[in-house]
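Visitor: Let me begin by handing over the structure; questions about it come next.
Residue numbers (our numbering): 486 to 676.
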């Protein structure tokens, strides 16, 4: 009987240990399931935030580096800039805006839209225009990426009546050759 008692006690100890281990494992499974739900929720939140940021980045990229020439958008952009900066005391206006034939080089990952712009205005507004072109391509303001290829400038002499006016400013007649960049068409990438 003693042997049975010892054997029963030993088996009972192993059964209790197994039950405790099972209970701990079940508790760990419950904790893991709760953590799984938290991780899934965190993942969904992060993915939603990432998707929104990525969509904004793509939208900004399409503004500064569009997938085609967008002549109309370019003309509107220039109109907006010159309308916002043209005042009676500080005039600026465009007399000619021409778009050239797009240049697509098979060795480059981008295409170029040549632009020729003739404007008349004060030096102050011309400086603003140069800063506008210099800062183009930034995601913050969404201005299309451009650079200046050449500048030709003539100074308009002040009229006799303007020489006595201390606020009179000399006007500049400027011809600017620009390059505006856009994504290379897919068909051209395959050549």
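Glycine residues also receive a C-beta, built at the ideal position from the N, C-alpha and C atoms.
I need the boundaries of the alpha helix (DSSP H) containing residue 731, first residue and last residue.
Guide: The chain is shown only over 486 to 676; residue 731 falls outside these bounds and no answer can be derived.
Visitor: Using 9 Å as the threshold, is the C-beta distance between residue 705 and residue 621 below it?
Guide: What the structure shows of the chain is the stretch from 486 to 676, and residue 705 is not part of that stretch, so it cannot be assessed.
Visitor: Smallest Cα separation from residue 580: which of 546, 591, 602?
Guide: 602
Visitor: Using CA coordinates, which residue listed in 511, 543, 508, 599 is at the minimum distance from residue 560?
Guide: 599
Visitor: My output table needs one value for residue 621: the three-state DSSP class, helix, strand or coil.
Guide: In the structure shown, residue 621 sits in coil (DSSP, three-state: anything other than H, G, I, E or B).
Visitor: Under three-state DSSP, which class holds residue 521?
Guide: helix
Visitor: Which stretch, first to last residue, makes up the beta strand (DSSP E) that contains residue 595?
Guide: Unbroken beta strand (DSSP E) run through residue 595: 595-607.
Visitor: Do you know offhand how far residue 549's Cα is from residue 630's?
Guide: Residue 549 and residue 630 have their alpha carbons spaced roughly 5 Å apart.
Visitor: Near residue 553, which residues of its chain fall below 7 Å by C-beta distance, leaving aside the five closest residues on each side in sequence?
Guide: 667
Visitor: Could you give the residue range of the beta strand (DSSP E) that holds residue 668?
Guide: 656-668
Visitor: Quick one: what does DSSP say residue 630 is sitting in, helix, strand or coil?
Guide: coil
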